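Q: Here the protein sequences come in this chain order: A and B. Using our numbering, the letters of the first sequence correspond one by one to residues 43 to 431. Using our numbering, the letters of the second sequence correspond one by one to residues 9 to 367. The beta carbon of each residue, even a glycine, is placed where N, CA and C say it ideally should be. Predicted, not measured: the structure shown is a model, and the values here were computed from it.
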Amino acid sequence: MRVKVLTPLAVALGLMAAGPASAQGVVKIGVIEAMTGQQQSTGVQTLAAMRLYMQQHGDTVAGKKIELIVKDDGAVADNAKRLAQELIVRDKVNVLVGFAVTPTALAVAPLATEAKIPTIVANAGTSIITERSPYLLRTSFTLPQSSVIIGEWAAKNGIKKVVTIVSDYAPGADSEKTFTEAFTKGGGQVVEALKVPLAAPDFAPFLQRARDASPDAVFVFVPSGQGATFVKQFIERGLDKAGIRIIGPGDVTDDDLLNGMGDQVIGTVTAHMYSADHPSELNKKYVEAFKKANNGLRPNFMSVGGYDAMHLIYEALKKTNGDTNGDKLMAAMKGMAWESPRGPISIDPETRDIVQNIYIRKVEKKNGELYNVEFATFEAVKDPGKAKK
Amino acid sequence: MRGPDVSTSAKLASAISAQFTARARWSPLEVLFWLAALATIWLAPDHHLILTEIVIWALLALSLDLILGYAGIISLGHAAFFGIGAYTAGLLAKHALVSEPVLALLVSGAAGAAFGFLTSFLVLRGTDLTRLMVTLGVALLVREIANRAAWLTGGADGLQGIGMEPVLGLFRFDLYGHTAYAYSLVVLFVLFVIARRIVGSPFGLSLQAIKGNPLRASAVGIGQTWRLVGIYTLAAAYAGVAGGLLTQTTAFTSLESLSFDRSADALLVLIIGGTGHLYGGLIGAVVFRFAQDWISAATPQYWQFWIGLFLVLIVLVGRDRIGSWVAPVRRLADRVSDWRAWRRPPAVEPTAPGEGGRP
């Protein structure tokens with residue numbers, strides 16, 4: 043029995059010494075996304091944007107061919123961890139990208155550290171993620187970024203009483219905590235804090251309780267993809283007619299689903315880092331190209347995370363002249379700044395987290411379609427979750 | 009009632025004894041199976057991660073086979089024991105209560121067994137449909153409790169921050185999954201041998217009698233209650249160990265380990281491989297996971313459609329079980345050696361006294 047276990051160990055040591063050898067001239071990017079299940083819209087959007095970037099910029103950088111290996115984790119952390127391990131060991135990927143929800147990113151963090159693989163979080167938004175491994179970076183957003191700003195805005199704009207409704211997992215807790223702090227500091231009052239199960243949510247009973255508390259607004263965070271259900275039930279329960287407004291980070295008025303929510307959402311105010319309506323030349327081109335490549339699908343805030351992750355990888359490879367060593371890539375990625383479809387962004391060299399503008403937006407009708415129209419900008423917002431430390 | 013003729017009884021006794029001896033003997037096919045499994049340690053070092061997972065599925069399906077294939081208890085809630093084992097192993101490692109993995113695995117099994125014992129009394133009542141509902145309900149309850157008890161289990165975020173100590177203090181879990189695979193395979197083998205022993209014992213045979221016809225079994229004096237409680241508890245212990253293995257080899261666990269999907273998939277794995285012959289779960293796990301891996305790599309977005317189609321086809325084409333596909337090989341093995349001699353009417357020749365002959 044002893045021999046049986048020792049031999050593979052020896053093999054393991056040998057392999058580790060050799061390091062993740064990559065095939066000559068190919069850079070492999072392992073994409074772990076939710077392509078099925080509740081969060082599948084996130085996976086579809088992110089992957090579509092990554093493919094779009096490759097289509098626009100060619101699939102060769104610094105003499106290396108870029109290859110995507112896509113795996114579906116169904117937003118389940120166990121799967122994400124297993125797939126990441128397989129991608130690292132079997133496929134010998136150089137970079138990992140993806141992670142539709144926070145638990146999947148957290149589960150992969152120890153592997154990123156152990157294998158020294160740059161891992162780019164293109165979607166998940168809990169503040170602590172990037173602290174879990176020195177090889178994690180983020181191109182999406184953190185929930186405190188938008189929650190703090192909407193909290194301050196709400197307090198200044200005549201909203202006094204709020205009920206919070208968030209999904210019961212790490213980003214929900216982040217969002218609720220930072221919003222409440224900012225909002226109460228500005229003189230507002232959170233009368234009730236409700237948490238909805240992450241899987242298969244039914245918002246109706248929570249909305250009823252929110253209505254009974256008769257607040258000025260409901261602060262809501264649900265992961266991308268669940269926004270439509272929330273708004274539908276919000277309207278069914280007549281909260282809009284009771285004069286209650288929806289505020290929150292922009293996840294709820296997801297561009298992907300916004301048009302299907304109906305005109306009742308007009309006037310909803312959210313804070314977020316991307317709107318398909320962002321008035322920049324680059325974004326107009328991005329939206330147009332994205333729709334063209336994807337049967338008219340409108341890009342949402344998850345898609346830009348994927349698009350910018352690809353940009354980060356491309357530019358880092360240019361800097362290292364095609365060297366795929368994990369530490370060299372990390373060094374190249376830290377501090378990088380560029381213009382994204384969402385506006386100017388950079389990677390904070392200290393925290394490896396994203397620094398970006400946060401916009402306050404209001405849902406309006408434009409050319410017969412609903413859009414989040416930006417009307418105020420907070421520039422270069424760092425993650426408040428880390429700034430405090 | 010008149011006692012049977014003494015001479016007949018002696019004949020019968022030796023025949024039965026011969027049958028038990030033959031049953032306990034390992035057939036060449038079985039030996040080949042385990043040798044092949046052992047060989048993968050060296051021959052497929054790149055696939056140890058998926059193989060580890062297969063071993064864990066196999067163990068869970070084996071556990072389900074013990075109750076479904078041998079005692080006729082159908083369950084849609086086996087993930088409850090699996091998850092309890094998984095969280096037990098996770099919590100033990102996280103809080104360094106029992107840091108040695110083998111010991112922690114035993115505790116996980118015990119935790120599964122304890123819960124299995126408690127819930128077995130619910131399962132005793134009613135027939136198949138009631139049992140389906142009860143097991144399903146119990147599993148849903150446990151999952152929801154784990155979801156609510158986020159302070160202990162981490163809730164929907166999963167149990168983070170598990171650090172695994174080396175197995176027996178010697179073998180560190182490596183990134184490539186070599187240690188994990190060898191460790192899991194040894195556990196599976198040991199538990200398989202025990203299960204094989206148990207189902208071949210008089211206890212195992214009496215279970216099959218109950219499965220075949222509960223009324224008749226009671227009539228010949230086979231009491232049901234404690235036998236069913238016993239096998240259910242044992243199966244729960246096996247499932248707990250499987251869950252513990254998953255946590256230990258991945259250093260992570262989440263609500264997924266308690267989910268309905270896991271219960272249903274375990275049943276699926278077992279049905280693919282065939283119930284009631286111990287190897288069913290093992291073969292099913294290999295087919296299920298490789299098919300899943302291959303199809304989902306080919307089409308990440310629509311793989312669930314293809315896996316569904318694949319499963320329907322397997323059941324339609326394979327009719328009963330994949331195990332029957334190896335029938336020609338079995339016949340060949342028959343010709344090579346006389347290992348299935350016991351299937352023929354028992355000969356009256358006396359059995360050679362030797363080890364392994366005891367039922």
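Run down chain A in chain order and give the residues with a C-beta less than 8 Å from the C-beta of Phe268 (chain B).
A: Within the second sequence, the letter at position 260 stands for residue 268 (chain B). Residues of chain A passing the Cβ test: none, with the nearest at roughly 11 Å.
Q: So with CB distances below 7 Å, who are the chain B contacts of Val112 (chain A)?
A: Indexing the first sequence from 1 puts residue 112 (chain A) at position 70. Within chain B, the residues near Val112 (chain A) are Pro308.
Q: Looking at the C-beta of Asp115 (chain A), does it have a partner C-beta in chain B at a distance below 7 Å?
A: The sequence position of residue 115 (chain A) within the first sequence is 73, counting from 1. Not closer than 7 Å to any Cβ of chain B, the Cβ of Asp115 (chain A) fails to qualify, so no.
Q: Can you have a look at Leu275 (chain B) and say buried or exposed, based on whether 16 or more other CB atoms are within 10 angstroms of its CB?
A: Translated into positions along the second sequence, residue 275 (chain B) becomes position 267. With 16 or more other Cβ atoms within 10 Å, it is buried.
Q: On the criterion of 16 or more Cβ atoms from any shown chain inside 10 Å, does Val175 (chain B) qualify as buried, or is it exposed?
A: Position 167 of the second sequence, counted from the first residue, corresponds to residue 175 (chain B). Per the 10 Å Cβ criterion, buried.
Q: When the Cα atoms are used, what is the spatial distance from Ala335 (chain A) to Val112 (chain A)?
A: Position 293 of the first sequence, counting from 1, holds the residue named residue 335 (chain A). Position 70 of the first sequence, counting from 1, holds the residue named residue 112 (chain A). Distance between the alpha carbons of Ala335 (chain A) and Val112 (chain A): 18 Å.
Q: For Thr161 (chain A), which of helix, strand or coil comes out of DSSP?
A: As a working note, residue 161 (chain A) is residue 119 in the first sequence. Here Thr161 (chain A) sits in strand by DSSP.
Q: Taking a cut of 7 Å between CB atoms, which residues from the region 19-48 of chain B lie near chain A?
A: none
Q: So for Ser345 (chain A), helix, strand or coil by DSSP?
A: Numbered from 1 along the first sequence, position 303 holds the residue referred to as residue 345 (chain A). Of the three classes helix, strand and coil, the one that applies to Ser345 (chain A) here is helix, per DSSP.
Q: For the region 166-180 of chain A, which residues have a beta carbon sitting closer than 9 Å to at least one beta carbon of chain B?
A: Thr168 and Arg174
Q: Buried or exposed for Ala224 (chain A), please, with buried defined as at least 16 other CB atoms from any protein chain shown within 10 angstroms of its CB.
A: Start at 1 with the first residue of the first sequence, and residue 224 (chain A) comes out as number 182. Ala224 (chain A) comes out buried.
Q: So, helix, strand or coil for Phe5 (chain A), using DSSP?
A: Given a span of 43 to 431 for chain A in the structure shown, any question on residue 5 (chain A) remains unanswerable.
Q: Can you tell me the Cα-Cα spacing of Lys102 (chain A) and Val260 (chain A), whole angstroms?
A: On the first sequence, position 60 is the one that residue 102 (chain A) refers to. On the first sequence, position 218 is the one that residue 260 (chain A) refers to. Looking at the sequence itself, residue 102 (chain A) is Thr, so the reference to Lys does not match. Between Thr102 (chain A) and Val260 (chain A), the C-alpha separation is close to 48 Å.
Q: For Ala63 (chain A), is the classification buried or exposed, using 16 other Cβ atoms within 10 angstroms of its Cβ as the cut-off for buried?
A: In the first sequence, counting from the first residue as 1, residue 63 (chain A) sits at position 21. For Ala63 (chain A), the predicted model reports a pLDDT of 43, less than 50, meaning its position is unreliable; a value from the coordinates is still stated below. Label assigned to Ala63 (chain A): exposed.
Q: Thinking C-beta only, is Ala66 (chain B) closer than 7 Å to Ala293 (chain B)?
A: Within the second sequence, the letter at position 285 stands for residue 293 (chain B). Within the second sequence, the letter at position 58 stands for residue 66 (chain B). Yes.
Q: For Asn165 (chain A), is the classification buried or exposed, using 16 other Cβ atoms within 10 angstroms of its Cβ as the cut-off for buried?
A: If you number the first sequence from 1, residue 165 (chain A) lands on position 123. Flag for Asn165 (chain A) reads buried.
Q: Which residues in chain A sit within 8 Å of Phe260 (chain B), going by Cβ to Cβ distance?
A: Taking the first residue of the second sequence as position 1, residue 260 (chain B) is located at position 252. Those within 8 Å of Phe260 (chain B) in chain A are Ala119, Asp120, Lys123 and Ala149.
Q: Decide yes or no for the touch test of the region 256-275 of chain B against the region 216-234 of chain B: beta carbon pairs closer than 8 Å, at least 3 of them.
A: no
Q: Cβ closer than 8 Å: which chain A residues qualify as neighbours of Trp314 (chain B)?
A: Here the question's residue 314 (chain B) lines up with position 306 in the second sequence. The CB of Trp314 (chain B) never comes closer than 8 Å to any CB in chain A; the least such distance is about 12 Å.
Q: Give a yes or no on whether 7 Å exceeds the smallest Cβ distance from Gly85 (chain B) to chain A.
A: The sequence position of residue 85 (chain B) within the second sequence is 77, counting from 1. Between Gly85 (chain B) and chain A, the shortest Cβ-Cβ separation is not below 7 Å.
Q: If I measure Cβ to Cβ from Tyr356 (chain A) and keep anything under 7 Å in the same chain, skipping five residues before and after, which residues do I get?
A: Numbered from its first residue, the first sequence carries residue 356 (chain A) at position 314. Cβ within range, chain order: His99 and Val103.
Q: Any chance the region 134-147 of chain A sits against the region 203-218 of chain A, with 3 or more Cβ pairs inside 8 Å?
A: yes
Q: Do Val8 (chain A) and Lys237 (chain A) have their C-beta atoms closer together than 7 Å?
A: The question about residue 8 (chain A) has no answer, for chain A in this structure spans 43 to 431.
Q: Check the DSSP bridge columns for Glu75 (chain A) and list the partner residues they point to.
A: By 1-based counting over the first sequence, the position of residue 75 (chain A) is 33. Note: Glu75 (chain A) sits in a beta bridge opposite A:Asp114.
Q: Which residues does DSSP pair with Ile378 (chain B) in a beta bridge?
A: Outside the displayed span of chain B (9 to 367) sits residue 378 (chain B), for which this structure offers no information.
Q: If you reduce the DSSP assignment to three classes, tell me which class Phe28 (chain B) lands in.
A: Translated into the one-based positions of the second sequence, residue 28 (chain B) becomes position 20. If DSSP states are grouped into helix, strand and coil, Phe28 (chain B) belongs with the helices.
Q: Could you please tell me which residues of the region 153-165 of chain B, in chain order, have their CB closer than 7 Å to any CB of chain A?
A: Within the region 153-165 of chain B, the qualifying residues are Asn155, Gly163, Ala164 and Asp165.
Q: Can you give me the C-alpha to C-alpha distance between Trp195 (chain A) and Ala358 (chain A), rounded to a whole angstrom?
A: As a working note, residue 195 (chain A) is residue 153 in the first sequence. As a working note, residue 358 (chain A) is residue 316 in the first sequence. When rounded, the distance between both Cα atoms is 37 Å.
Q: Based on Cα-Cα distance, which residue from B:Val63, B:Gln300, B:Ala305 and B:Ile218 lies nearest to Leu196 (chain B)?
A: Residue 196 (chain B) sits at position 188 when you count from the first residue of the second sequence. The shortest C-alpha separation from Leu196 (chain B) is found at B:Val63.
Q: If you scan the region 286-319 of chain A from start to end, which runs of the alpha helix (DSSP H) of 4 or more residues do you find wholly inside it?
A: 297-300
Q: With a cut-off of 8 Å, do at least 3 Cβ pairs link the region 164-178 of chain B to the region 269-286 of chain B?
A: no
Q: Reducing DSSP to helix, strand and coil, say where Ile108 (chain A) ends up.
A: Looking up residue 108 (chain A) in the first sequence gives position 66. It is a strand residue.
Q: Assign Glu75 (chain A) to one of two classes, buried (16 or more other C-beta atoms within 10 Å of its C-beta) or exposed (fewer than that).
A: Position 33 of the first sequence holds residue 75 (chain A). So Glu75 (chain A) counts as buried.
Q: Measure from the alpha carbon of Gly385 (chain A) to the alpha carbon of each residue in A:Ile289, A:Phe183 and A:Pro243, then state which is nearest.
A: Within the first sequence, numbered from 1, the residue matching residue 385 (chain A) stands at position 343. Nearest C-alpha to Gly385 (chain A): A:Phe183.
Q: Checking contacts by CB at 7 Å: is Gln168 (chain B) closer than that to chain A?
A: Counting from 1 along the second sequence, the entry for residue 168 (chain B) is found at position 160. For Gln168 (chain B), the answer is yes, since a Cβ of chain A falls inside 7 Å of its Cβ.
Q: Considering Cα atoms alone, identify which of A:Gln231, A:Gln187 and A:Arg340 is closest to Val205 (chain A).
A: Reading the first sequence from its first residue, position 163 is the one you call residue 205 (chain A). Among A:Gln231, A:Gln187 and A:Arg340, the Cα nearest to that of Val205 (chain A) is on A:Gln231.
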